[in-house]
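Comments concern the structure below.
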Amino acid sequence: MQYRALKDNAREQRLIHIRTIIAFVIVFILLSVLFSRYFFLQIYHYETYATKSESNRVHLQRLPPKRGLIVDRDHQLVAENQPSHVLSIIRDRVDDLPALLDSLKRYQLIDDDDIARFMKRKKRFRAFEAQPIRFNLNDEDIAKVAANRIRMPGVEVNATLVRHYPQQGDLAHMLGYVGRINERELKQLDLDNYSGTHHIGKIGIEKHYEDFLHGTAGFQNVETDARGRVLRTLEKTPPIPGENIVLHMDLDVQKVALQALGTHRGAVVAIDTTNGGILAAVSTPTFDANAFVNGISHKNYNALRNNLDLPLFNRIIQAQYPPGSTVKPMMSLAGLEEKATFTWSKVADPGWYQLPNDKRYYRDWKRQGHSKFVGFHDALEQSCDVFFYDLAFKLGVKNISKYYDMFGLGWDTGIDVPNERHGINPSPQWKRSQGRGRWYTGDSLNMAIGQGYVLMTPMQLAYMTSIIANRGKRFIPQMVRKLGDNELPPKQRPAIKLGDEQNWEEIIYGMQRVISGKKGTARRIGRGLTYTLAGKSGTAQVVGIKQGERYDAKALKERQRDHALFIGFAPIDKPRIAVAVIVENGQSGSGVAGPIVRKVIDAWMLKVAEQEKLEKQKEEKLKKETKASKDNEHV
Amino acid sequence: MFETKDYVRQINADGFRKKQGFWQSINLDPWLLLLLVTLTICGLFLLYSASDYKIPTLKRQLTFYVIAYTVMIIIAQVPMLFFRRIAPFLYIIGVLLLLAVLLFGSGAKGAQRWLDIPGIIRFQPSEILKLVMPLTVAWYLSSRILPPSFKHVVAVMVLVMLPTIMIAAQPDLGTSILIASSGLFVLLLAGLSIWYIVSAVVLGISAAWPMWMFGLREYQKGRILTLLDPERDKLGAGWNIIQSKTAIGSGGFNGKGYLQGTQSQLNFLPESHTDFIIAVLAEEFGLIGVMLLLGLYLCIIIRGLMICWMADTTFNKLVAGSVTLTFFVYIFVNMGMVSGILPVVGVPLPLVSQGGTSIVTLMAGFGLLMAISSDKQQFSR
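Just so you know, the sequences run in chain order A and B.
Residue numbers for the first sequence, in the working numbering: 1 to 635.
Residue numbers for the second sequence, in the working numbering: 636 to 1016.
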């Protein structure tokens, strides 16, 4: 026991030495474990972590292109891009999104509509990307955000370019507008090209030429730090801006047309007959396209939608009206061509027409009739219905339908604006397919005076007028004249070839007499003309008038009154413009629609005259200069 | 009889004292000093990169190095006998201070670690115990017969666990691990029977479950769960590990170059200048840098164990061994947690991470090693 109680230093030291060696071995093993761990991460998994580190650091940013501008033929802006302040949220930096949205709402920076839109579009944006929640911040809003920024991490105000329509409603229907991209559009879009773009053309030219207007997105690789702040740009492919568009439209003529229509509901279409370009296209009432750009509120949208006057309705290409007497020149042409009537033909007009073996009276618009003998040109001048009833009887539905078809009824005109309707060119087959029974000769009679089943859009009416003005040449109506630097050539359908080209002149003479004849229905608008004008009025019934009943405008409610129509072109020998006007419930084609046509043509012809004068001056100047230079040479 | 022999040897040694060299005259170990200075210089360069080129941070760190080296040199001059005498008193003071921390301590991030006597001093008593613990256990065991009997093992366990639990309660898991291991290393070196170790491991494993249920705090559990699956909490606790692993892995063999580490320079790597600084090294200098650092550390450990080996008295041997092995624990826990094989506990990379107290404590430990090495030389044959 004594022995054991004594300390044995040598033994203890040996013991400690052994333990030290063991400890060293363990230390060495554990350090090797550490080393192999680092070897594993740095050599074996190098690729994985190198990629991870690179994607930490480098982010691909899309650079949205600048949308192309749209200008009228005189280069006045009709669609531009304006700098606008956008409130965006970067979800990555937000701790509590609902709370943040709530406080933004409390500061009256956003409303429930904005929140709903934001939540819907959330999927489109990655968490580190700035997702816009409200556009068009005003100075006060910006100040509010700046003041509360510390309390709202992840909220940003950025400046971007947003579409603006300086002419507001003046050409809203044809120009259309852009709006925020919605779910359905998202599915069809090239997401690479559209990431970073918030707006897309919804209707009109903005939609039809979307691909050209949008441009190509660029991108840049940026180095960001852990907070997502961009430190530098590593690589950049700049975006290619969208093409600018020059319209055929003349804003001055457009405004004249708009003013002439005034508070009426209706449409005006003016076509440049030299190339089919649309000089003016008005649908009233109209609306401010700017309201749609950043999302219109439910309240305002419903107000527009529920308006009885249908301001959102594009009457130019979507409204279908009975064309009434405006189709009579075309019918006359059909009669001449099919030898159903001749320039020397005369028809007695007692104020009504009766088919053989039919007791039904087909009334003329003039109750007492026009005269005992109505000639070919008189029929157009006075718009004699009985003459055309007789003509229709002789032509038959097949021929009538054929000529309607040649002048574009039942077809798209081909205008470069989407959602065009193509009217109705009725036929016995069509009537049967509609479940309306057998075709009666009476139906043909109505068809010849543009009533009954016939329906045309104002655009089709103007197209028909331009074909007459051009003596069969069929230019396809076009809104856009220049796409970027490319002048678009006029588009044409094969011209209408007549057996006798003189027939064009015959019907045009009749149309001239509408304006300048003693009994011309529109002789009042022919006063003080400085150019030659041909036209045709039309008054189309909205509700059918029963047999034996008299038409009483006053008794009818305003919305059941006749539509007033008028077509016209000028000058007669070298036409420059063709116009079609429809005034809903305007009652009198010659009295209401006629003056509008006159004003629109006046406005354009004034410009044409000015242009010709300028060109003449230039020519003379050139002549003088060449002469002077020649003289100098002689000296 | 054996004691007498020892006594004679000591007398002899005294009688034949060799002519002292320069290093012996100032009681410093030149090899250890060279290694430490190399490590310190490397650390400063690394810190410059890790702290976004902040000169003030660098100056602060340099100040701490100066203080730490001063402390080391002073301690190296003190005879080990002195430490052996005051160890129990230091231990009692340390435990009392820990008690004070628990009662009046201040701190940050939900932990009470600091004792703040306003206007006079502000320090972490737990740091003192890092030094006092091995001294105390060595003091206790060196005067007993080794290997220690069960009674003494129990006594040592009490000495070790008392401050460990108090520090873990602050809570400071990292420091309590370091202190516990510094005490236990003494016990192990003193020849603790292998059966105690085996049964402790068995006991530890069987205690793991109740420990998990009742012993660990939520954030500690989170750290362990996050270690097993960092993706579990991508933006929270897992973020650190994911980013540090990414930094290390993307360094590859050669590294991205000094100051070129994107993970650290662009602030993806959190705590890059403190606990996670090894990731900066791994990213910028690659596996080569890691190897060199590990090599440097290994040299320091070898030198420390050599001092332990050559030390004359049991007390000196135990203290030297414990200080060296604790230094290794720093390295292993830090590099293990940053590379994702150990849970994240607050253990700095020794002598490299920013942070004054740990550097001073570590250097004080090396001061003890130097004191031991010169102790031996004074009495060498």
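Positions of the beta carbon are idealized from the N, C-alpha and C atoms, including for glycine.
Predicted model only: the values in this text are computed from it and were never measured.
Alpha-carbon spacing of residue i relative to residue j, whole angstroms
i	j	result
lysine 187 of chain A	tyrosine 194 of chain A	11 Å
asparagine 632 of chain A	lysine 613 of chain A	28 Å
tyrosine 531 of chain A	serine 401 of chain A	34 Å
methionine 636 of chain B	leucine 794 of chain B	A caution first: methionine 636 of chain B carries a pLDDT of 40, below 50, which makes its placement in the model too unreliable to give a value.
leucine 733 of chain B	arginine 57 of chain A	45 Å
aspartate 641 of chain B	isoleucine 26 of chain A	Unreliable placement is indicated for aspartate 641 of chain B, whose pLDDT of 48 sits below 50; the coordinate value is still reported in the next sentence. For aspartate 641 of chain B and isoleucine 26 of chain A, the distance between alpha carbons rounds to 32 Å.
arginine 106 of chain A	aspartate 112 of chain A	11 Å
lysine 618 of chain A	glutamate 625 of chain A	10 Å
tyrosine 3 of chain A	glycine 981 of chain B	Any reading at tyrosine 3 of chain A must be qualified, since the residue scores a pLDDT of 46, below 50, and its modelled position is unreliable; the value itself is stated next. Distance between the alpha carbons of tyrosine 3 of chain A and glycine 981 of chain B is about 48 Å.
glycine 568 of chain A	alanine 281 of chain A	15 Å
valine 821 of chain B	isoleucine 829 of chain B	14 Å
arginine 124 of chain A	glutamate 54 of chain A	23 Å
glycine 729 of chain B	leucine 813 of chain B	15 Å
glutamate 487 of chain A	tyrosine 463 of chain A	22 Å
glutamine 318 of chain A	threonine 160 of chain A	35 Å
leucine 984 of chain B	threonine 909 of chain B	8 Å
tryptophan 847 of chain B	isoleucine 913 of chain B	29 Å
leucine 671 of chain B	phenylalanine 888 of chain B	26 Å
methionine 768 of chain B	isoleucine 832 of chain B	20 Å
aspartate 190 of chain A	glycine 242 of chain A	15 Å
alanine 609 of chain A	threonine 284 of chain A	29 Å
valine 693 of chain A	valine 78 of chain A	Given that chain A is displayed from residue 1 to residue 635, the structure contains no residue 693 of chain A and the question cannot be resolved.
arginine 232 of chain A	glycine 924 of chain B	29 Å
leucine 838 of chain B	proline 782 of chain B	22 Å
lysine 207 of chain A	proline 356 of chain A	53 Å
leucine 380 of chain A	tyrosine 509 of chain A	9 Å
serine 1015 of chain B	serine 1008 of chain B	For serine 1015 of chain B, the pLDDT reaches just 41, beneath the cut-off of 50, and the residue's location in the model is therefore unreliable, although a value from the coordinates is still provided. C-alpha separation (whole angstroms): 10 Å.
Proximal residues of chain A, C-beta to C-beta of residue i below 8 Å
i	result
isoleucine 883 of chain B	Tyr38, Leu41, Gln42, Tyr49
alanine 722 of chain B	By Cβ distance, chain A contributes nothing, its closest Cβ being about 18 Å from alanine 722 of chain B, past 8 Å.
lysine 888 of chain B	The sequence given here places phenylalanine at residue 888 of chain B; lysine does not occur at that position. By Cβ distance, chain A contributes Gln42, Ile43, Tyr46.
CB-CB length for residue i against residue j, believed under 8 Å
i	j	result
histidine 214 of chain A	methionine 479 of chain A	So it is not a contact: roughly 18 Å between Cβ atoms.
isoleucine 200 of chain A	isoleucine 245 of chain A	Contact doesn't hold; Cβ gap of about 16 Å is too wide.
tryptophan 774 of chain B	phenylalanine 962 of chain B	Not really, about 20 Å apart at Cβ, beyond 8 Å.
glutamine 560 of chain A	valine 542 of chain A	6 Å
alanine 348 of chain A	lysine 366 of chain A	In fact, because the Cβ distance is near 14 Å, the residues do not count as touching under 8 Å.
Contact set between residue i and chain A, taken where Cβ atoms lie within less than 7 Å
i	result
alanine 999 of chain B	By Cβ distance, chain A contributes nothing, its closest Cβ being about 21 Å from alanine 999 of chain B, past 7 Å.
alanine 917 of chain B	Tyr38, Gln42
phenylalanine 699 of chain B	Per Cβ cutoff of 7 Å: no residues; phenylalanine 699 of chain B is ~26 Å from chain A at best.
glycine 971 of chain B	Leu34
threonine 897 of chain B	Ser53, Arg57
leucine 819 of chain B	Near leucine 819 of chain B there are no residues of chain A at all, since even the closest Cβ is about 12 Å away, more than 7 Å.
tryptophan 944 of chain B	His17, Thr20
Closest residue to residue i among the options (Cα-Cα distance)
i	options	result
methionine 605 of chain A	A:Ile507, A:Leu175, A:Val579	A:Val579
tyrosine 362 of chain A	A:Lys372, A:His370, A:Lys236, A:Gly351	A:Gly351
isoleucine 525 of chain A	A:His264, A:Trp504, A:Asp602, A:Arg121	A:Asp602
methionine 796 of chain B	B:Phe785, B:Gly892, B:Pro782, B:Ser811	B:Ser811
leucine 776 of chain B	B:Lys765, B:Leu731, B:Ala722	B:Ala722
aspartate 8 of chain A	B:Val987, B:Ala825, B:Tyr688, B:Met801	B:Ala825
Which residues DSSP lists as bridging residue i, in chain order
i	result
alanine 79 of chain A	A:Ile70
isoleucine 424 of chain A	A:Leu455
leucine 60 of chain A	A:Asn221
isoleucine 913 of chain B	Per DSSP, none; premise fails for isoleucine 913 of chain B.
histidine 85 of chain A	A:Ala159
tyrosine 965 of chain B	Paired residue(s): none; tyrosine 965 of chain B is not in a bridge.
histidine 199 of chain A	A:Arg180
tryptophan 844 of chain B	In DSSP, tryptophan 844 of chain B forms no bridge with anything.
phenylalanine 758 of chain B	B:Leu750
Cross-chain neighbours of residue i in chain B, by beta carbon under 8 Å
i	result
histidine 59 of chain A	Under the 8 Å cutoff, chain B gives no residues; its nearest Cβ is about 12 Å from histidine 59 of chain A.
aspartate 95 of chain A	Simply none; closest approach about 10 Å.
Contact set between residue i and chain B, taken where Cβ atoms lie within less than 7 Å
i	result
leucine 30 of chain A	Phe967
threonine 12 of chain A	This sequence places glutamate at residue 12 of chain A; threonine is not what is there. Here the neighbours are Leu781, Thr949.
alanine 226 of chain A	Leu901, Asn902, Phe903
Amino acids of chain A, ordered along the chain, whose beta-carbon sits closer than 9 Å to that of residue i
i	result
glycine 826 of chain B	Glu12, Leu15, Ile16, Ile18, Arg19
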